[in-house]
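Position one of the sequence shown corresponds to residue 1253 (this note's numbering), numbered consecutively onward.
For glycine and all other residues, C-beta sits at the position ideal for the given N, C-alpha and C.
This structure is a prediction, so every number in the text was calculated from the model and none was measured.
Below: one structure, written as structure tokens.
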Amino acid sequence: MVKQPFPSKRAPAFADVPDEKWNNWRWQLSNRINTPEEFEKVFPLTDSERKALSAAHLFRVDITPYFISLIDPDDPNDPIRKQVVPTEIEMTPFTAMMEDSLAEDRHSPVPGLVHRYPDRVLMLVTTQCASYCRYCTRSRIVGDPLATFSRSEFEMQIEYIKRTPQIRDVLLSGGDPLVLAPKILEEILGRLREIPHIEILRIGSRVPVFLPMRITDELTDILQKYHPMWLNIHVNHSNEITAELAEACDRLSRAGIPLGNQAVLLAGINDNVHVQRQLVHDLVRMRVRPYYLYQCDLVEGAGHFRTPVAKGIEIIEGLRGHTSGYAVPVFIVDAPGGGGKIPVGPNYLLSMSDHKIILRNFEGFITTYEEPVDYKPENAAQPTLKRPEPGQSGISGLLDGEHLFIKPEKFDTVHDRGGFQHRLKDDSKWTPLGIGSGDEEEKDSDQE
Ligand SMILES: *Cc1c(COP(=O)(O)O)cnc(C)c1O
């Protein structure tokens, strides 16, 4: 195995812990830091942190000794400290704050299963994590041991997936699936693998970051029995990248699991192109592909972590072209209200005319691309999805000719202006006459 070029750290407060305890994930979990007294042994708390830690109804605090050791004890603005140590500002409400900003619960056909996209589901398998991020998008349920999912809910999730053949991809999240007892995790993976239409399994986990010693050979032996298996980790700043994390990633990669990273854009932590460039470079050195960079969600406790969306666009501007394409994540705003992930980024297309487009590159070089004048699409009539589900084809459905338009609910009522059906309002006017299209018989479904 390659020697990892990343540091390894242990706070002086844990200097006396024997290595076999330190490297044991059970010891790390049962010795997590959460009281002001325990914190003060590692670094002096600020007034704001101390007040937050003694507040009622605070989102759960727990930090593994391994992860807290990565904090610079002399820097109250340390980028790791801000991710996991609460401050008073967390308790300040802000405009647009929501309990469930992504409307996940609304999109759950059964508890703990979010089915938002046509072909894949998000399966919440636990509410527990190895440590807790202050900006957690799921703080409404995460951390609460009583909110965790029951056996019968798990059976309902499996049943739903079984009877929904368009699902080809199941993303396990939570909470953190890798804190589950190996037996339980193995049962979940096994039950999903029995379902013939499930093509890929995915895990979203911060365990490699909070608790890298959990990524044992026993664990990767379990995971690799259920291939094809993909995994996204969650690193926000290069200070989280240690020899231990690099070794955990190496184990997962050697088990054949492609690794990605999902970062969250956080004010005062990584809202800077230089910090982000260092982060993505360190990630690709560990064979972790930056996947998404998220705009911070509008959830309770996270208001002060938000940046303008422009900051994310500026960061992508500073990455694309300037560094390896493998190192550039997609910047995502997860739509409040439940629209799902929306990619945003710089514009490279400046203008276009018939058969000519004008593009700019990352340096500001402007060029023209001549398009063919005699292009004929080869397979225009083929359906694009293997198991299409009506009603969710979006803009792609407009391009495919499945619909002529998409309109907001109540659009027709508003535009009727209280009028009545009269001879000039005949609906058939809005059906394409289909002249020359070869499918004169077809009527647009929106018109029926
Ligand atoms: C993020 C997410 C997914 C996975 O999205 P990808 O873009 O495929 O990674 C699936 N379902 C839900 C509800 C999600 O929030």
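Check	Outcome
Own chain partners of V1532 with C-beta closer than 6 Å, once the 5 adjacent residues on each side are dropped	P1542, A1579
Helix, strand or coil at I1568 [DSSP, three-state]	helix
Check: R1458 C-beta below 6 Å from any heavy atom of ligand 1	no
DSSP three-state assignment for L1398, whether helix, strand or coil	helix
Helix, strand or coil at L1531 [DSSP, three-state]	helix
Sheet register partners of K1608 (DSSP bridge)	S1605, E1622
V1580 Cβ short of 6 Å to ligand 1 heavy atom set	no
Status (buried if at least 16 other CB within 10 Å, exposed otherwise) for G1442	exposed
7 Å Cβ cutoff met for T1379 and A1399	yes
Cβ contact (3+ pairs, closer than 8 Å) linking the region 1297 to 1306 and the region 1258 to 1274	no
Cross-strand partners of P1542 (DSSP beta bridge)	N1513
Buried or exposed by the 16-neighbour rule on C-beta atoms within 10 Å, applied to D1469	exposed
Alpha-carbon spacing of A1498 relative to R1454, whole angstroms	20 Å
Beta-carbon gap between H1655 and G1646 smaller than 7 Å	no
C-alpha gap between A1515 and Y1546, whole angstroms	6 Å
Any 3 or more C-beta pairs closer than 8 Å across the region 1327 to 1346 and the region 1379 to 1393	yes
Inter-residue Cα distance where the pair is I1584 and C1548	9 Å
Buried/exposed call for D1428, threshold 16 Cβ in 10 Å	buried
Collapsed DSSP secondary structure at K1593 in the structure displayed	strand
Cα-Cα separation, D1323 to L1550	Looking at the sequence itself, residue 1323 is Ile, so the reference to Asp does not match. Looking at the two C-alpha atoms, the distance is approximately 26 Å.
Whole-angstrom distance between G1643 and K1681, CA atom to CA atom	23 Å
Proximity test, L1423 beta-carbon vs ligand 1 heavy atom, cut-off 6 Å	yes
Residues near N1491 in its chain [Cβ-Cβ closer than 7 Å; skip 5 each side]	L1322, P1331, I1332
Backbone CA spacing between L1424 and S1402 [nearest angstrom]	16 Å
Given L1430 as reference, the closest of F1462, D1502, R1415, M1408 once Cα atoms are compared	F1462
Buried or exposed (CB count within 10 angstroms, at least 16 for buried), R1358	exposed
Assumed close pair A1495, P1264 - CB separation to whole angstroms, cut-off 8 Å	With 8 Å as the limit, A1495 and P1264 do not qualify as a contact, their Cβ atoms being about 19 Å apart.
Length-filtered (3 minimum) beta strand (DSSP E) runs lying within the region 1451 to 1511	1452 to 1456, 1481 to 1485
Terminal residues of the alpha helix (DSSP H) in which A1308 lies	Taken as a continuous stretch (DSSP letters only), A1308 belongs to no alpha helix (DSSP H), as it is neither H nor E.
Cross-strand partners of Q1280 (DSSP beta bridge)	For Q1280, which the question treats as bridged, DSSP gives no partner whatsoever.
Rounded separation between F1266 and Y1318 - CA only	9 Å
K1551 CB to nearest heavy atom of ligand 1 below 6 Å	First, the amino acid is wrong: residue 1551 is Val here, not Lys. Incorrect: V1551 has no Cβ contact closer than 6 Å to ligand 1.
Residue burial classification, E1694 (beta-carbon count within 10 angstroms, cutoff 16)	Because the pLDDT of E1694 is 45, which lies under 50, any placement of that residue in the model is unreliable, and the question is left without a value.
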